[in-house]
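Participant: To convert, note that position 89 of the sequence shown is 140 in this note's numbering; the numbers rise steadily by one, no gaps.
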Amino acid sequence: MKYRKSIFHSVLLLCAIPSAFGQSVHPPLKQVKREHRAAWRKIIHWPTDCEDAFQKTYSPADDFGGLEFYRAGKFQYLVQITCYPGAYQPGSVVAWYDAKSQTARLLKFKGQESQDDKGKELPYSEINGLVTWRSQSRVLEIFSKSRGVGGCGFFGRYGFKSGQPILLTAREQDCEDTASQKSLNPRRWPRKKF
Numbered sequence: 052m053k054y055r056k057s058i059f060h061s062v063l064l065l066c067a068i069p070s071a072f073g074q075s076v077h078p079p080l081k082q083v084k085r086e087h088r089a090a091w092r093k094i095i096h097w098p099t100d101c102e103d104a105f106q107k108t109y110s111p112a113d114d115f116g117g118l119e120f121y122r123a124g125k126f127q128y129l130v131q132i133t134c135y136p137g138a139y140q141p142g143s144v145v146a147w148y149d150a151k152s153q154t155a156r157l158l159k160f161k162g163q164e165s166q167d168d169k170g171k172e173l174p175y176s177e178i179n180g181l182v183t184w185r186s187q188s189r190v191l192e193i194f195s196k197s198r199g200v201g202g203c204g205f206f207g208r209y210g211f212k213s214g215q216p217i218l219l220t221a222r223e224q225d226c227e228d229t230a231s232q233k234s235l236n237p238r239r240w241p242r243k244k245f
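Spelled out as structure tokens, the structure:
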């Protein structure tokens with residue numbers, strides 16, 4: 052019995068100090084602070100433009116880490132990486148992260164395609180809008196306003212299959228001179244087909 056206790060305590064000790072054996076210490080998934088951002092960037096590899104914008108627009112005195120993790124399944128998360136605050140909506144990219152394998156990839160959303168400075172389509176979407184995760188239905192909503200009041204723009208709902216976004220519904224509203232009550236609710240905008 053004494054021998055088993057000794058083995059048990061040795062195993063606990065080894066688990067408590069994984070970095071001593073070459074394993075990396077995993078950064079937190081909740082309450083990500085600015086100090087954790089660099090460690091997450093090594094795993095997720097978001098664009099340099101995004102990171103540069105974050106560093107320029109968020110004060111180092113602010114401890115905001117700019118990462119939100121949304122549980123999408125067992126060991127699987129959607130990660131919203133904030134790039135800049137924007138005038139009335141933030142800019143971000145979204146990644147699919149597998150915590151078990153510690154691998155990630157940036158996602159491309161239909162209706163939110165992005166281009167580089169030369170007009171070449173990027174393999175991921177730069178989202179200029181509000182991102183909302185509906186945990187019960189496991190649906191991600193993107194509301195990209197074309198003006199501050201939010202009476203026009205794009206509204207998309209996305210499900211996920213094997214870590215890839217699938218457009219469920221898309222709505223788009225052109226900007227009018229004055230916003231009506233109807234136009235302020237993106238769920239009532241005209242449907243858009245892609």
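For every residue, glycine included, the Cβ atom is placed at its ideal position computed from N, Cα and C.
#1: Pull up the distance between the alpha-carbon of Ser75 and that of Arg122, whole angstroms please.
#2: Within 8 Å, do at least three Cβ pairs link the region 141–158 to the region 83–98?
#3: Have a look at Cys226 and Gly137 and give me their C-alpha separation to the nearest angstrom.
#4: Evaluate Tyr209 with the Cβ neighbour count: other Cβ atoms within 10 Å of its Cβ, from every protein chain shown; 16 or more gives buried, anything less gives exposed.
#5: May I ask you to verify whether the region 107–120 touches the region 165–181, counting CB pairs closer than 8 Å and requiring at least 3?
#6: Flag this pair as yes or no: are the beta carbons of Lys244 and Glu223 separated by less than 7 Å?
#7: Taking all protein chains shown into account, do 16 or more other C-beta atoms lie within 10 angstroms of the C-beta of Pro79, making it buried, or fewer, making it exposed?
#8: How many angstroms separate the CA atom of Trp240 from the CA atom of Gly199?
#9: Between which two residues does the beta strand (DSSP E) harbouring Cys21 extend?
#10: Measure the CB-CB distance between Pro237 and Phe194 and report whether it falls below 7 Å.
#11: List, from N- to C-terminal side, the beta strand (DSSP E) runs of 3 residues or more that fit wholly inside the region 129–204.
#12: Looking only at its own chain, which residues have a Cβ that is under 7 Å from the Cβ of Leu173, when we skip the five neighbours before and after it?
#13: Is the beta carbon of Leu218 closer than 7 Å to that of Lys161?
#14: Using DSSP with H/G/I as helix, E/B as strand and the rest coil, what is Glu227?
Facilitator: So, from the data block:
#1: Its pLDDT being 49, under 50, Ser75 is placed unreliably in this model, and the value from its coordinates should be taken loosely. Approximately 22 Å, taken between the alpha carbons.
#2: By the criterion of at least three beta-carbon pairs nearer than 8 Å, the region 83–98 is in contact with the region 141–158.
#3: Roughly 19 Å separates the two Cα atoms.
#4: Tyr209 comes out buried.
#5: As far as the Cβ criterion goes, the region 107–120 does not touch the region 165–181, which means the pair count is below three.
#6: No.
#7: With fewer than 16 other CB atoms across the displayed protein chains lying within 10 angstroms of its CB, Pro79 is exposed.
#8: When rounded, the distance between both Cα atoms is 17 Å.
#9: Any property of residue 21 remains undetermined from this structure, which presents the chain solely from 52 to 245.
#10: Yes, they are a contact pair.
#11: Inside the region 129–204, DSSP marks whole beta strand (DSSP E) runs of 3 or more residues at positions 142–149, 154–157, 181–185, 190–196, from first to last along the chain.
#12: Around Leu173: Ser165, Gln166, Asp167.
#13: Contact flag set, yes.
#14: DSSP places Glu227 in coil when its eight states are reduced to three.
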